[in-house]
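Chemist:
In full-length UniProt numbering, the protein residues as written are 1 to 235.
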């Protein structure tokens with residue numbers, strides 16, 4: 001996986017949420033959480049694995065709503081941030097944080113109802129192998145996102161500390177076919193790249209987001225969106 005050394009540093013974990021999900025980044029956080037919840041609902045009593053859970057944004061949210069969740073990440077520092085976050089929450093379900101490698105998941109076949117991976121596929125060296133491993137441990141559903149090749153993200157992709165692998169819709173469709181996954185739904189969003197929202201205060205980000213969403217209703221927006229949220233079922 002790209003950028004492992006950078007990602008696992010203690011100072012990166014400590015600043016991760018503030019740098020990405022404060023200021024205008026709060027809009028990104030809300031949209032991503034909505035995408036996950038809409039795909040998985042109803043959440044209560046589902047057995048869920050999140051791969052590359054980072055600081056636990058989704059794992060904690062899902063456990064609050066009654067799911068039994070395992071968050072797996074390669075970074076011990078990120079996992080500790082997730083544990084700290086969970087201490088201040090009331091969890092209706094269960095939550096476990098586990099250090100591990102997404103390429104060799106330490107679970108038996110068909111162990112989870114749902115497997116999710118957000119902000120992960122852009123770092124994958126072998127996306128087919130990772131998706132196949134996700135499919136192995138899921139008996140029902142896989143939810144993930146991708147950054148899109150023909151979008152504004154490609155303009156600044158080279159400057160990111162971990163880089164990004166960008167995908168076309170056809171590439172993802174081929175991956176789904178190879179790993180025996182059926183597409184249930186895909187949502188495209190964010191004409192303006194994430195980096196713009198993170199760089200500006202919420203007061204400026206909100207009107208930009210309103211324009212972004214309006215453009216997103218146009219048919220041409222599917223070809224310009226920076227990110228796609230994929231909801232798939234195991235065949």
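The C-beta atom is built at its ideal place from N, Cα and C for all residues, glycine as well.
1) Determine which residues share a DSSP beta bridge with residue 185 and list them.
2) Kindly indicate which three-state DSSP category residue 217 falls into: helix, strand or coil?
3) In chain order, what are the residue ranges of uninterrupted beta strand (DSSP E) at least 3 long that sit wholly in the region 11–53?
4) Starting from the Cα of residue 235, find the closest Cα among 57, 182, 68 and 164 and give me that residue.
5) Let's see if you can read the secondary structure: which residues bound the beta strand (DSSP E) around residue 96?
6) Does the beta-carbon distance from residue 13 to residue 52 come in below 8 Å?
7) Rounded to whole angstroms, what's the CA-CA distance from residue 167 to residue 127? Just pull it up for me.
8) Could you tell me which whole beta strand (DSSP E) segments of length 3 or greater appear in the UniProt domain "Methyltransferase type 11" (49–139)?
9) Could you pull out every residue in the same chain whose Cβ sits closer than 6 Å to the Cβ of residue 97, ignoring the five residues on either side in sequence?
10) Kindly indicate if chain D contains any beta-carbon less than 8 Å away from that of residue 50.
11) For the putative contact between residue 191 and residue 221, defined by C-beta atoms under 8 Å, what is the C-beta separation to the nearest angstrom?
12) Of the residues 91, 85, 50 and 73, which one's Cα is nearest the Cα of residue 66?
13) Using 10 angstroms around the beta-carbon of residue 76, count the other beta-carbons present and answer buried if the total reaches 16, otherwise exposed.
14) Can you tell me the Cα-Cα spacing of residue 142 and residue 186, whole angstroms?
15) Would you be able to state if there are at least three C-beta pairs under 8 Å between the region 33–51 and the region 109–118?
16) Helix or strand or just coil, what does DSSP make of residue 180?
17) Can you look up residue 200 in the DSSP assignment and give me helix, strand or coil?
18) So if DSSP puts residue 143 in a beta bridge, which residue, or which two residues, is it bridged to?
19) Assign residue 133 to one of two classes, buried (16 or more other C-beta atoms within 10 Å of its C-beta) or exposed (fewer than that).
Modeler: The structure says:
1) 231
2) coil
3) 47–51
4) 182
5) 95–99
6) no
7) 11 Å
8) 68–73, 95–99 and 112–117
9) 71, 79, 82 and 83
10) In the structure shown, chain D cannot be found, because there is only a single protein chain.
11) 6 Å
12) 91
13) exposed
14) 12 Å
15) yes
16) coil
17) coil
18) 116 and 231
19) buried
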